[in-house]
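Below you'll find the structure, written out as structure tokens, and then a few comments.
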Amino acid sequence: MVSRNGKKIKVNNVKLVLLRSLIGFFSIASYFYAIGQMKMADAVILNKTSPFFVMIFAALFLNEKIKKTQLFSLSFAVLGALFVIKPSLSSEMFPALIALSAGILSGISYTLLRHLRKSESSETIVLAFCTFSTLATLPFLFTGKFVVPDLREVLALFALGLFALLAQFFVTKAYRFSEAGEVSIYAYSNIVFSVIIGIIIFSEIPDSLSIFGGSAIIMAGFINFYASKLRKAGRISTADETKTASNRRATKAS
């Protein structure tokens with residue numbers, strides 16, 4: 001337990017919080033490995049398949065129904081992932097599979113977040129994840145060859161940790177207040193930014209297949225998002241009509 005505004009924060013579901021921290025750690029580790037072994041934009045694109053795995057896992061474990069439009073968007077996402085991975089028997093495919101596995105693990109992690117919102121605060125989940133990740137990486141200080149970073153690298157590592165912490169906090173908040181299968185569209189700007197940064201800083205220009213695959217995944221996200229908005233609008237309209245009809249009947253009866 002830790003102190004929060006004079007109150008105690010308690011982990012209520014220790015097993016699931018630890019499981020979420022473990023899966024989240026391996027997801028980020030896989031993602032970092034993929035970024036170091038392939039074009040950054042390709043790694044980001046494959047990682048952004050996670051919302052579609054959220055649909056699957058949320059349906060399996062949280063009883064959230066998969067709509068027809070979600071199945072359609074899921075097929076788009078799978079098609080896009082195949083174009084980015086470019087299946088082959090060469091060793092170059094391995095980093096792409098690791099990047100895809102990062103997306104799958106992220107999907108599991110976000111589904112667990114959706115479940116844990118009932119018993120845990122966002123701060124508790126983020127703190128548990130950060131603590132677990134710190135302890136999990138400590139052995140690498142002793143098993144590998146440690147290189148003392150210079151000032152520039154220290155600042156870069158500090159910035160990385162800060163932005164990763166903020167990202168975890170905001171993602172946790174987002175999945176706390178919305179359905180697990182619908183928090184996706186806003187994250188797709190990440191693909192655009194990664195392409196721009198890759199071109200400007202690393203001179204990494206995505207090939208035509210990766211561009212097509214990334215576009216398909218972004219399109220899938222838009223389909224899922226706007227279909228969700230239309231469903232909600234339809235439910236609100238139906239509810240309003242029902243309420244109006246009830247009021248009319250009550251007026252006539254009086």
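Numbering (full-length UniProt numbering), first residue to last: 1 to 254.
Think of the CB as a built atom: it goes at the ideal place given N, C-alpha and C, for glycine as much as any other residue.
Distance CB(residue i)-CB(residue j) smaller than 8 angstroms
i	j	result
I125	R20	yes
V78	I191	no
Y188	I218	yes
T111	F57	yes
F32	F132	no
Q37	M55	no
S90	I23	no
Separation of residue j from residue i, as counted between CA atoms
i	j	result
P139	C130	16 angstroms
I223	F94	30 angstroms
I66	K39	32 angstroms
L62	S27	21 angstroms
L60	P51	14 angstroms
L165	S88	36 angstroms
E64	R152	46 angstroms
V154	F142	19 angstroms
I201	S208	20 angstroms
R114	R176	6 angstroms
K68	I197	35 angstroms
L162	T137	17 angstroms
A156	R231	44 angstroms
S75	P149	44 angstroms
S178	L160	27 angstroms
V14	K145	34 angstroms
Y226	V147	48 angstroms
G213	K118	36 angstroms
Neighbourhood of residue i by C-beta distance below 8 angstroms, restricted to the same chain and skipping five residues each side
i	result
L46	A34, A81, V84, I85, A96, A99, L100, A102 and G103
K173	S122
I199	I205
residue 270	Because the chain in this structure spans residues 1 to 254, residue 270 falls outside the shown range and cannot be described.
Residue i - containing alpha helix (DSSP H), residue span
i	result
I56	S50 to F61
R20	V14 to Q37
R114	M93 to L116
V84	K68 to I85
I125	S122 to T137
D42	M40 to N47
8 angstroms contact criterion, which residue i and residue j should meet: CB distance rounded
i	j	result
F158	G107	Actually they are not in contact, since the Cβ atoms of F158 and G107 sit about 29 angstroms apart, beyond 8 angstroms.
S73	A233	At roughly 18 angstroms, the Cβ-Cβ gap does not stay under 8 angstroms, so S73 and A233 are not in contact.
L116	V17	7 angstroms
F92	V11	Before going further, note that residue 92 is Glu rather than Phe in the sequence given. E92 to V11, Cβ: 42 angstroms. No contact.
Own chain partners of residue i with C-beta closer than 6 angstroms, once the 5 adjacent residues on each side are dropped
i	result
D42	V84 and S210
S194	M40, A41 and V44
S30	I98, S101 and A102
Residue-level contact to chain D via CB, residue i, 8 angstroms cutoff
i	result
N47	In the displayed structure, chain D is absent; only one protein chain is listed.
Own chain partners of residue i with C-beta closer than 7 angstroms, once the 5 adjacent residues on each side are dropped
i	result
T49	A77, A81, L100, G103 and I217
S203	none
A167	none
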